[in-house]
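Protein chains in written order, with the numbering used here: chain S, 1 to 331; chain E, 1001 to 1531.
Read through the structure below, which is laid out as structure tokens, and then see the notes.
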Ligand SMILES: [Zn+2]
């Protein structure tokens, strides 16, 4: 049996032929990065390779790093292994990483979604022999509602709060979800304010892909002059001091996890909106089918269940453990 | 159905009682009279007979969703709630308007004849509705079969909401809802709005609650100024006997007559109209049974004769609030108690015994006997205190036994079944055990859930994912590394647990980051706690 083109090591997904890691979780010499989320794009590698849209974001988050920018579909070769990046539709710059050697092709999906959010470059399926897929939402209970329907729910919620003189605080991950919300919402109902962390991310993302710019929630912004405002904030600021100033307020989160009552309650938001930057169960199935892969490796999320499901459908599937965090807030 | 589904959503999203009351009151304002009566019926435990069992529901839902049974079961395990799982899998993914869906009372009334229908008819009925509903309505509909959708709405909370809506006092409404009535036949007008004389008669008094005693007994001054008795481990209750009828009220001010029919004949013993304050206790051979026995009785809306024989209950009286229509609450405890003792006690009516110690050290000794008496500790009441309302400091104290604790090692974690899908919420703990021929090993002794802060909870979850040794379905075996202090109320021998012991109310007291697993307790430490 020949050696696999990609293998799972304690540092990350490794290509021994090219001596390069994909989304490694420990410091390595050379890393190809699928996207700029913290669990995939970590600090401490000597050299980074990533999509050109990811580069400014990675620099914003990781500081001074040595990074080579690639375009989608641009092929580059390391020790005879050909690599290329292809849109994954997850967040700006998010890519699937394709590796080919002697007629054999592997694709690592990174994080992805198939439904269009009208902002992020849509997922492009890649044919391959082995498809390494995430399966964050790999059980059939996850079926995403139509995006426009969710945006309408958000607007209705905001409208109602504004009518009651209540501030709306909507939590969404600062990279990905925040831009998606910024793109689809405007200040037609009342002022729309961005938490400074999100504002900073939007500025960086705006430099690679234009976004409508909204007002920054500075220290000086007076709640009295912004009655009924919607504030988009990162989830880890849920218990922060600044919120006090905006009382009375209602909170909500936009995430795929909000599909279940258990998660909604556990995280203590008043309301949850089902809006995910990952694919639902059907999207995963569509991606797996479109890859035409002979075998599938499930990496993070409901790996055991999803691989068992694929096997029951006649698709050879195994699981591999990765420490990509099941970070609920970025989903 | 849309309004009802919305109500369920709002109730589900808040834990605040006043918000729940508001949501229900708002529902009553909007709903038709027929729907209102049905909601009252549902929330007071009068749902239509279960027309379809859950195994059929699961089978049909798997078919409707086009998935195999094992995948349905896995999904169910993660989501944690059957009604929700089905709604997530089969409901329409598009929002539905109120007009597109049938009214609540129509659905519920069509469920009544369904019970006797053929299985394939039932299947058509259920699957057709599924496709008509959006997620929330589908969820609410499924709850008609699976039950348990009261979502933290007690009868008391509902009567409060009705009070808000109708301006009729909640206690009076609770009385009106007693007994048998048929939501198909009764109108909102006759059920709630019409005058009801009996309802006035049955009203209890607000309960007076004790504070936990934090100081030593001696801080309370002269022991002879205090009435001391055991703190019984049952449920606090008032027994109201007026105009020849007995009404039992729990501390949540819910009427619990239906669960304890054998106590309703106590009027014959009491003979004089009165209101007693006391404890409902499972009681056998002159000794209280564990609280878990009483829970079995409480859990049943109607108790069977068999259950009554198996778990007899008594009313353990300790105070007298009203006698011959006179309110005694302003009188000192000593006088109320004197009057109370004149009743004849025995059988299902017991008198909580008073301890008359000469010195606080004897009180301490008596507290030490709590376990053998089957109590939780002691109650101390000032002899000259009136019966007040709510929790007031200074005159009524409870002194509970300390919980027992051991330091134990986390061995297994299970994915949350219920509210915490995709998180590890159920933890299993082990203690050291050395058998003669073997080296020391960790033996499972308890499962515990609560007690961690949110931050610790997240930390432990991340740790579990990185320290898994083996997986068994939803359960992960983890490296023996983390030590937690586990508290519990009691230990008994048990063949159900590998360790040979069962603990009562085990819970995580704190994460002992300062301890290594070698410092965790041994099984024989647990044995020593056995009384
Ligand atoms: Zn990501």
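The beta-carbon is built from N, C-alpha and C at its ideal position, and this holds for glycine as well.
Proximity test, Cβ basis, 8 Å: residue i and chain E
{"i": "residue 323 of chain S", "result": "yes"}
{"i": "residue 330 of chain S", "result": "In this prediction, residue 330 of chain S scores a pLDDT of 43, lower than 50, which makes its location untrustworthy; no coordinate-derived value is stated."}
{"i": "residue 139 of chain S", "result": "yes"}
{"i": "residue 120 of chain S", "result": "no"}
{"i": "residue 165 of chain S", "result": "no"}
{"i": "residue 270 of chain S", "result": "yes"}
{"i": "residue 317 of chain S", "result": "no"}
{"i": "residue 149 of chain S", "result": "yes"}
{"i": "residue 304 of chain S", "result": "yes"}
{"i": "residue 95 of chain S", "result": "no"}
{"i": "residue 262 of chain S", "result": "yes"}
{"i": "residue 191 of chain S", "result": "no"}
{"i": "residue 168 of chain S", "result": "no"}
{"i": "residue 276 of chain S", "result": "no"}
Below-8 Å beta-carbon distance, residue i vs any chain S residue
{"i": "residue 1005 of chain E", "result": "no"}
{"i": "residue 948 of chain E", "result": "Residue coverage of chain E in this structure runs from 1001 to 1531, which leaves residue 948 of chain E outside it and unanswerable."}
{"i": "residue 1067 of chain E", "result": "yes"}
{"i": "residue 1095 of chain E", "result": "yes"}
{"i": "residue 1013 of chain E", "result": "yes"}
{"i": "residue 1466 of chain E", "result": "yes"}
{"i": "residue 1081 of chain E", "result": "yes"}
{"i": "residue 1157 of chain E", "result": "no"}
{"i": "residue 1054 of chain E", "result": "no"}
{"i": "residue 1074 of chain E", "result": "yes"}
{"i": "residue 1128 of chain E", "result": "no"}
{"i": "residue 1476 of chain E", "result": "no"}
{"i": "residue 1089 of chain E", "result": "yes"}
Residue i versus residue j: straight-line alpha-carbon distance, rounded
{"i": "residue 313 of chain S", "j": "residue 1091 of chain E", "result": "24 Å"}
{"i": "residue 1362 of chain E", "j": "residue 1225 of chain E", "result": "15 Å"}
{"i": "residue 1527 of chain E", "j": "residue 1486 of chain E", "result": "15 Å"}
{"i": "residue 1017 of chain E", "j": "residue 1390 of chain E", "result": "17 Å"}
{"i": "residue 1156 of chain E", "j": "residue 1022 of chain E", "result": "14 Å"}
{"i": "residue 1123 of chain E", "j": "residue 61 of chain S", "result": "55 Å"}
{"i": "residue 26 of chain S", "j": "residue 116 of chain S", "result": "33 Å"}
{"i": "residue 340 of chain S", "j": "residue 1395 of chain E", "result": "Absent from the model: residue 340 of chain S. The displayed extent of chain S is 1 to 331, so no value can be given."}
{"i": "residue 1319 of chain E", "j": "residue 1280 of chain E", "result": "13 Å"}
{"i": "residue 1445 of chain E", "j": "residue 182 of chain S", "result": "52 Å"}
{"i": "residue 1471 of chain E", "j": "residue 1427 of chain E", "result": "14 Å"}
{"i": "residue 40 of chain S", "j": "residue 315 of chain S", "result": "27 Å"}
{"i": "residue 184 of chain S", "j": "residue 1058 of chain E", "result": "39 Å"}
{"i": "residue 1160 of chain E", "j": "residue 1425 of chain E", "result": "34 Å"}
Nearest-angstrom beta carbon gap, residue j and residue i [assumed within contact, 8 Å]
{"i": "residue 90 of chain S", "j": "residue 72 of chain S", "result": "14 Å between Cβ atoms; not a contact."}
{"i": "residue 249 of chain S", "j": "residue 166 of chain S", "result": "6 Å"}
{"i": "residue 1515 of chain E", "j": "residue 1443 of chain E", "result": "Not quite, the Cβ-Cβ distance comes to about 18 Å (not below 8 Å), so this is no contact."}
{"i": "residue 1432 of chain E", "j": "residue 1520 of chain E", "result": "6 Å"}
{"i": "residue 5 of chain S", "j": "residue 104 of chain S", "result": "6 Å"}
{"i": "residue 251 of chain S", "j": "residue 270 of chain S", "result": "5 Å"}
{"i": "residue 32 of chain S", "j": "residue 132 of chain S", "result": "Between residue 132 of chain S and residue 32 of chain S the Cβ distance is about 13 Å, and since that is not below 8 Å, they are no contact."}
{"i": "residue 1029 of chain E", "j": "residue 1165 of chain E", "result": "6 Å"}
{"i": "residue 1275 of chain E", "j": "residue 1183 of chain E", "result": "Their Cβ separation, rounded to whole angstroms, is 32 Å, which puts residue 1275 of chain E and residue 1183 of chain E out of contact at 8 Å."}
{"i": "residue 1283 of chain E", "j": "residue 1314 of chain E", "result": "4 Å"}
{"i": "residue 195 of chain S", "j": "residue 233 of chain S", "result": "4 Å"}
Where residue i meets chain B, residues with beta-carbon distance less than 7 Å
{"i": "residue 309 of chain S", "result": "Of the protein chains in the structure, S and E, none is chain B."}
Bridge-paired residues (DSSP) for residue i
{"i": "residue 1507 of chain E", "result": "E:1487"}
{"i": "residue 1430 of chain E", "result": "E:1409 and E:1444"}
{"i": "residue 215 of chain S", "result": "S:193"}
{"i": "residue 1277 of chain E", "result": "E:1238 and E:1319"}
{"i": "residue 1522 of chain E", "result": "E:1432"}
{"i": "residue 1288 of chain E", "result": "E:1283"}
{"i": "residue 1414 of chain E", "result": "E:1426 and E:1475"}
{"i": "residue 1181 of chain E", "result": "Paired residue(s): none; residue 1181 of chain E is not in a bridge."}
{"i": "residue 1607 of chain E", "result": "No answer is possible for residue 1607 of chain E: the residues shown for chain E start at 1001 and end at 1531."}
Check your understanding: Are at least three pairs of beta-carbons, each pair with one atom in the region 1227-1244 of chain E and one in the region 1130-1139 of chain E, less than 8 Å apart?
Key -> No: the two stretches stay apart, fewer than three of their Cβ pairs being nearer than 8 Å.
- Give a yes or no on contact between the region 1256-1266 of chain E and the region 1350-1367 of chain E, applying the rule of three or more CB pairs nearer than 8 Å. No: the two stretches stay apart, fewer than three of their Cβ pairs being nearer than 8 Å.
Taking three-plus beta-carbon pairs below 8 Å as touching, is the region 78-94 of chain S in contact with the region 261-271 of chain S?
Taking a contact to require three or more Cβ pairs closer than 8 Å, the region 78-94 of chain S and the region 261-271 of chain S do not qualify as touching.
### Query
At a cut of 8 Å, does the region 290-297 of chain S reach the region 124-139 of chain S through at least three beta carbon pairs?
Yes, the region 290-297 of chain S touches the region 124-139 of chain S.
* Asked: Is it a yes or a no for the region 303-312 of chain S touching the region 143-157 of chain S, going by three-plus beta-carbon pairs under 8 Å?
  -> Between the region 303-312 of chain S and the region 143-157 of chain S there are fewer than three inter-stretch CB-CB distances shorter than 8 Å, so the stretches are not counted as touching.
contact_flag[the region 1238-1247 of chain E, the region 1396-1410 of chain E] where n(CB pairs < 8 Å) is 3 or more: They do not touch, by the three-pair rule.
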